[in-house]
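Participant: One structure follows; several queries about it will come next.
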Amino acid sequence: MSYKVLTAKLAQQVDKELMSTGGFSIDQLMELAGLSVAQATYDSFPLLKKVLVVVGPGNNGGDGLVAARHLKLWGFNPSIYYPRPSSKQLFLNLETQLRNLDVEFIQELDSSSISQFQLIIDAIFGFSFQSGSIRPPFDGIINTINATDIPVLSVDIPSGWDVDRGFVEGGIKQPEVLISLTAPKPVVNFLDDKTTQYVGGRFIGKEFAKKFGIDDFGYKGYDQIVKLNKL
1 MSYKVLTAKL
11 AQQVDKELMS
21 TGGFSIDQLM
31 ELAGLSVAQA
41 TYDSFPLLKK
51 VLVVVGPGNN
61 GGDGLVAARH
71 LKLWGFNPSI
81 YYPRPSSKQL
91 FLNLETQLRN
101 LDVEFIQELD
111 SSSISQFQLI
121 IDAIFGFSFQ
131 SGSIRPPFDG
141 IINTINATDI
151 PVLSVDIPSG
161 WDVDRGFVEG
171 GIKQPEVLIS
181 LTAPKPVVNF
191 LDDKTTQYVG
201 GRFIGKEFAK
211 KFGIDDFGYK
221 GYDQIVKLNK
231 L
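Going by UniProt numbering, the residue at position 189 of the sequence shown is 189; the numbering climbs one at a time, nothing skipped.
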């Protein structure tokens, strides 16, 4: 089945409306998005408990922090690598929640420290990332991830890729799993056939979806994710 994709511009419009006339706050959207990421992780890799969540400086990183909290409560053993922490209160609260659960924040990421992990959650850059030269320290972080054979689950788009045109040199390797938030972005058309795709971020109603041409993905019951066929 083919689904409509959201360009970066349209995705920004969706988020803007959700947080204006939609009545949502950013922390609500982040909580639901992160819950979806956690469920996709559990669904895809239930036995890979040693998880590294690589957290970027923006809202995509916040989704990763939320996902780590849920995974910890579900019996996983997540660790956080967060090289550019935000000073915003929302992010400070997310950090505090994780530290209160004794989630480890690692200070360095290299070929030695990364080898202990069974799975990497790529929560570095989202759809608003402007493709081009990836600045330090994230260029080195992505290179370290790419040099491993550890499976990667990317949040919304693979970090460093162009949301509309796909892989960009210096971007993260093809992920084993991608979870699109709200709706798939054009980047999904550049994924390998072997990549498992989900959609999550279950926070819009039918009328809102119709306004933006977002498909009905057929969520079941209380599930926060839907596994998609190849687009």
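The beta carbon of each residue, even a glycine, is placed where N, CA and C say it ideally should be. None of the values given here were measured: they were computed from a predicted structure.
1) Would you mind stating whether Ala11 and Val188 have Cβ atoms separated by less than 9 Å?
2) Tell me which residues share the same chain as Asn77 and place their Cβ nearer than 6 Å to its Cβ, disregarding the 5 neighbours each side in the sequence.
3) Output the boundary residues of the alpha helix (DSSP H) element that contains Gly62.
4) My output table needs one value for Gln174: the three-state DSSP class, helix, strand or coil.
5) In whole angstroms, give me the CA-to-CA distance for Phe91 and Phe45.
6) First and last residue of the beta strand (DSSP E) that includes Gln28?
7) Specify whether the stretch 67-76 and the stretch 188-204 touch according to this definition: at least 3 beta carbon pairs, one from each stretch, less than 8 Å apart.
8) Three-state secondary structure (DSSP) at Ser180?
9) Smallest Cα separation from Gly201: which of Asp223, Gly213, Glu207?
10) Which residue marks the beginning of the beta strand (DSSP E) containing Asn93, and which one marks its end?
11) Where does the unbroken beta strand (DSSP E) through Val155 begin, and where does it stop?
12) From Ser180 to Phe125, what does the alpha carbon distance come to, in whole angstroms?
13) Please classify Asn93 as buried or exposed, where buried requires at least 16 other C-beta atoms within 10 Å of its C-beta.
14) Using the Cβ count rule (16 or more neighbours within 10 Å means buried), how would you classify Tyr81?
15) Taking just the CA atoms, how far does Ala183 sit from Leu6?
16) Could you spell out the range, first to last residue, of the alpha helix (DSSP H) harbouring Asn146?
17) Closest by CA to Asp110, which one among Ala38, Gly170, Asn143, Val155?
Facilitator: A quick look at the data gives this:
1) Result no, Cβ atoms of Ala11 and Val188 do not sit closer than 9 Å.
2) Lys49, Lys50
3) 59-73
4) DSSP places Gln174 in coil when its eight states are reduced to three.
5) Annotation: Phe91 to Phe45 spans about 26 Å, alpha carbon to alpha carbon.
6) From DSSP, Gln28 is part of no beta strand (DSSP E) but of the alpha helix (DSSP H) over 26-44.
7) no
8) strand
9) Asp223
10) No beta strand (DSSP E) contains Asn93, which is instead part of the alpha helix (DSSP H) from 89-100.
11) 152-155
12) About 13 Å.
13) The residue is exposed, with fewer than 16 neighbouring Cβ atoms inside 10 Å.
14) buried
15) 6 Å
16) 138-146
17) Asn143
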